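*Asks:* For the protein sequence lines, the chains are C and F, in the order given.
With the numbering used here, you'll find the first sequence wraps up at 231, consecutive numbering, no jumps.
With the numbering used here, you'll find the second sequence wraps up at 1396, consecutive numbering, no jumps.
Using N, Cα and C, we set each Cβ at its ideal position, and we do this for glycine too.
It should be emphasised that the depicted structure is a prediction, and the values quoted were computed from it without experimental measurement.
Quick one: the structure is below, and I'll ask about it shortly.
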Amino acid sequence: MSKRILIVDDEPRYLRLLEANLRTEGYEVSTAQDGVQALDVFSAQPIDLVLLDVMMPRLDGFGVCQRLREFSNVPIVILTARGEEQDRVRGLDLGADDYLVKPFSATELLARVRAVLRRAQPPAETSQARFFTHDDLKIDFARAEVWRDENPVSLSATEYRLLLQFAHNIGKILTSEELLTSVWGVEYKNDKEILWVSIARLRQKLEEDAHNPHHIVTRSGLGYLMPPLES
Amino acid sequence: MDTVTLTLLNELFEEIQKKHDWKAGMDTIFLSMRGSFVFDNVAIYLIDPRTKGLEVAYARAMGRGKNAEAEAAWGESLANEVMTTGKKVIKEPVLGSEDPDRLALAHLIGFPLFVGGKLNGALVVIRFGGPAYSMQHIQMASLQAFWAATLIERRDLQEARAELDSVQRQMRLQDDFVSTISHELRTPLGFIKGYSTSLLRQDTTWDLETQREFLNIIDEEADRLTRLIEDMLESARLQSKTIQFKFAPIRLDALLRDVATRIKTHRPELKITFNFESLTPIQGDAMRLSQVFNNLFSNAIKYAPGAEILISMAIAGDYLRVTFADNGEGIPEDYLPFLFERFYRVPGERTVTGTGLGLYICKQIVMAHHGNIWVESELGQGTTFIMELPIDRPQI
């Protein structure tokens, strides 16, 4: 079944541009012209990815992102203007999976959409065991679910994939490039900002004290690792 | 210090604090001390920051010699002496000289004024005829000099702060302006980039109709970018007042009919009704005023499509009043106060291409004519722009 993408932008010409290009790739498209409408459309039908403009009347892109994250892990790509770094970081902070900087080319748009949808696929399971534990952290690979202290933790598809990298490489230092390539795709290899924000978000959700993490630890100048537990 | 003096001093200080102007503050001081310190004239000289020379900043005739000496030239040489030494200078007439003219026997005291730690001027007091200044008089003059310096410093600080506030406000406006401009420029650029790269995609083909649609959008957005840049330059010139207005007697009714005729050649379907007779000429810049009417027409065409336009003109007091009304959808009341602001666009009107500068430019032009323009609108009824231009343009 083809994927359905929700495009949210108050400029009809952006809606038309995005829709025309996405349809050539066989995606189904729904549209909304402001944040409030976006939430309505989202709840009315299953959506596989949301392309979200930031500057909109009524409810802006950040607001939509925040609301969606309260109940959904749908992949979200925010559309921001060039030079607005703080917008990108804010979007990622609020749980967006990726961003696209305006003005963008049609091929860039389609590449980002493909990459994000690819990430959202549950990864093929390599490990034999169904469960993984690391102190108070527990992963059910079969159901792609995570618990901390017996409480379920809601992770976005990207965050889950990032966590798996660590779980599958206990005790091994993973560089930023490795993580960006394996989780986001080779075209994101140098996009450290997106990794920093995602690691920070993951820690917020998994660590007892995000400033003093013990599941995902930073090795300055080298990368990150999940340290082996002393038995 | 005895109670009476203390009370007096307190009252004096309170009085001075209330004065916003340093000169009014000095008036209070001199008047309140007049009873115990008699003199004829007082002058305060300050260094002019531009010429670096001493200029009279304050002069009052207080007493008996209220006539000839108020222009304060009498104190200049003493003030210069104070400036050279940086100390108080007392000049008494030569003893024994028995000139019958009291005015020839001048007793002068000069005190330096230190403003912000720097010698910045002098206070000079003159008394014609005796007796000589007592120690108490000299102390009182010293106190007056201290107050003068304090009040002048306060004025300097107030001025500096006002200037700082204004610079900060300007910088904030500049920041907003830059971020708005970059957003405004990026929007058409984003469409041009997006639609042209769509057409350039090698992994897909577009049907002819879509190709034309995309090319039209690219074309329109390139035009919008051009207009935006022209309008921006125009509004910047108007704001910095670098546009020279060419004022001449013009007949506004004839000018309006000309503009309307030109519009109708492109838009023959447009319904325009005039409701005025030939009116007295006014002083105006014909080209700029045509620009105002052009803007109003193109707004009506864009935002009130299909509406009729009714233009009336009449004398209203000292002004010629033009009302430019359409019977379109109208503009919600909440948006009206912002219509003439730079880059303001009514939310939800983004489908129509526009720069958000047209009405700003209109207002600047009308204001350069010492006139005024405003808007009235009612939903479902239409929108009316009202413009008033002075019949006799005041001299600038």
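Nearest chain C C-beta to N1052(F) closer than 7 Å, yes or no?
*Replies:* According to the sequence displayed, residue 1052(F) carries Lys and not Asn. Closer than 7 Å: no.
*Asks:* Which word fits R1034(F), buried or exposed, when buried means at least 16 other C-beta atoms lie within 10 angstroms of its C-beta?
*Replies:* Exposed is the call here.
*Asks:* Can the beta-carbon of T1204(F) be found closer than 7 Å to that of T24(C)?
*Replies:* A contact, by the Cβ cut-off of 7 Å.
*Asks:* At 4 residues or longer, what runs of the alpha helix (DSSP H) sit wholly inside the stretch 1270–1340 of chain F?
*Replies:* With a minimum length of 4 residues, the continuous alpha helix (DSSP H) runs that stay inside the stretch 1270–1340 of chain F are 1286–1303.
*Asks:* Could you please give the first and the last residue of the uninterrupted beta strand (DSSP E) stretch that includes G1121(F)?
*Replies:* Element bounds for G1121(F): 1118–1128.
*Asks:* In angstroms with no decimal places, state the Cα-to-Cα distance between K1193(F) and T1187(F).
*Replies:* Taking the straight line joining both Cα atoms gives about 10 Å.
*Asks:* Count the other CB atoms within 10 Å of the CB of H1020(F); is the residue buried (16 or more) or exposed (fewer)?
*Replies:* It is exposed - the Cβ of H1020(F) has fewer than 16 other Cβ atoms within 10 Å.
*Asks:* Please name the residue in I1331(F), R1262(F), M1387(F) whose C-alpha comes closest to that of I1311(F).
*Replies:* Among I1331(F), R1262(F), M1387(F), the Cα nearest to that of I1311(F) is on M1387(F).
*Asks:* Run down chain C in chain order and give the residues with a C-beta less than 9 Å from the C-beta of G1194(F).
*Replies:* Within chain C, the residues near G1194(F) are R13, Y14, L17, L18, N21, K102, P103, F104, S105, A106, L109.
*Asks:* My output table needs one value for T158(C): the three-state DSSP class, helix, strand or coil.
*Replies:* T158(C): helix per DSSP, three-state reduction.
*Asks:* Using the Cβ count rule (16 or more neighbours within 10 Å means buried), how would you classify Q1395(F)?
*Replies:* Note that Q1395(F) has pLDDT 47, beneath the 50 cutoff, so the model's placement of it is unreliable and the number below is only indicative. Per the 10 Å Cβ criterion, exposed.
*Asks:* Could you tell me whether any Cβ in chain C is nearer than 7 Å to the Cβ of T1180(F)?
*Replies:* With 7 Å as the cut-off, T1180(F) does not count as an interface residue toward chain C.
*Asks:* With a threshold of 7 Å between beta-carbons, can A81(C) be considered close to chain F, or not?
*Replies:* At least one chain F Cβ lies under 7 Å of A81(C).
*Asks:* Taking CB distances under 7 Å as the criterion, tell me whether T24(C) reaches chain F.
*Replies:* Closer than 7 Å to some Cβ of chain F, the Cβ of T24(C) qualifies, so yes.
*Asks:* Quick one: list the residues of chain C neighbouring L1189(F), beta-carbon separation under 9 Å, in chain order.
*Replies:* Within 9 Å Cβ-Cβ: K102, P103.
*Asks:* How about A1300(F) and D1326(F): are their beta carbons less than 7 Å apart?
*Replies:* Contact: yes.
*Asks:* In whole angstroms, give me the CA-to-CA distance for Q1170(F) and K102(C).
*Replies:* Computed Cα separation, rounded: 29 Å.
*Asks:* Check the Cβ-Cβ distances between P57(C) and every residue of chain F, and say whether any is below 7 Å.
*Replies:* It does; some Cβ of chain F falls within 7 Å.
*Asks:* Taking just the CA atoms, how far does S30(C) sit from I7(C)?
*Replies:* So the two alpha carbons sit approximately 6 Å from each other.
*Asks:* Taking the alpha-carbon positions, what's the A1286(F) to L1012(F) distance?
*Replies:* Looking at the two C-alpha atoms, the distance is approximately 60 Å.
*Asks:* Cα-Cα, which of L109(C), A115(C), H215(C), G171(C) is closest to L17(C)?
*Replies:* Closest option to L17(C), Cα to Cα, is L109(C).
*Asks:* Based on the DSSP secondary-structure assignment, which residues constitute the bridge partners of V217(C)?
*Replies:* For V217(C), which the question treats as bridged, DSSP gives the partners L225(C).
*Asks:* For the beta strand (DSSP E) containing Y1058(F), name the first residue and the last one.
*Replies:* It spans 1054–1061 - the beta strand (DSSP E) in which Y1058(F) sits, taken as one unbroken run.
*Asks:* Can you tell me whether G1116(F) is buried or exposed, with buried defined as 16 or more other CB within 10 angstroms of its CB?
*Replies:* Label assigned to G1116(F): exposed.
*Asks:* Got a sec? Which residues, its chain only, sit under 8 Å from R1154(F) by beta carbon, not counting five neighbours each side?
*Replies:* Closer than 8 Å at the Cβ level, and outside the excluded window around R1154(F), lie W1022.
*Asks:* T1226(F) touches chain C at which residues, Cβ-Cβ below 9 Å?
*Replies:* In chain order: nothing, as chain C lies at least about 17 Å away.
*Asks:* Below 8 Å, how does it come out for the stretch 40–50 of chain C and the stretch 1211–1226 of chain F: are there three or more Cβ pairs, yes or no?
*Replies:* Too few Cβ pairs lie closer than 8 Å, so no.
*Asks:* Please tell me whether R1201(F) has its Cβ less than 7 Å away from any Cβ of chain C.
*Replies:* It does: the Cβ of R1201(F) has a partner Cβ on chain C nearer than 7 Å.
*Asks:* What residues of chain C sit near H1183(F), judged by a beta carbon separation below 7 Å?
*Replies:* What H1183(F) touches in chain C: A81.
*Asks:* Can a CB atom of chain C be found closer than 7 Å to the CB of T1355(F)?
*Replies:* So, not an interface residue.
*Asks:* What three-state label does DSSP hand S1198(F) in the structure shown?
*Replies:* Reduced to three states, the DSSP call for S1198(F) is helix.
*Asks:* Which residue wins for smallest C-alpha separation from V64(C), given the options H168(C), F42(C), R143(C)?
*Replies:* Minimum Cα distance to V64(C) is reached at F42(C).
*Asks:* Return yes when at least one heavy atom of the ligand ADP lies under 6 Å from the C-beta of K1052(F), else no.
*Replies:* Absence of the ligand ADP from the depicted structure is noted, as is the absence of any ligand whatsoever, leaving it without description.
*Asks:* Starting from K205(C), trace the beta strand (DSSP E) both ways and give me its first and last residue.
*Replies:* No beta strand (DSSP E) holds K205(C); the alpha helix (DSSP H) holding it covers 192–206.
*Asks:* Comparing C-alpha positions only, which one of L137(C), G26(C), P57(C) sits nearest to D9(C)?
*Replies:* Measuring from the Cα of D9(C), the nearest candidate turns out to be P57(C).
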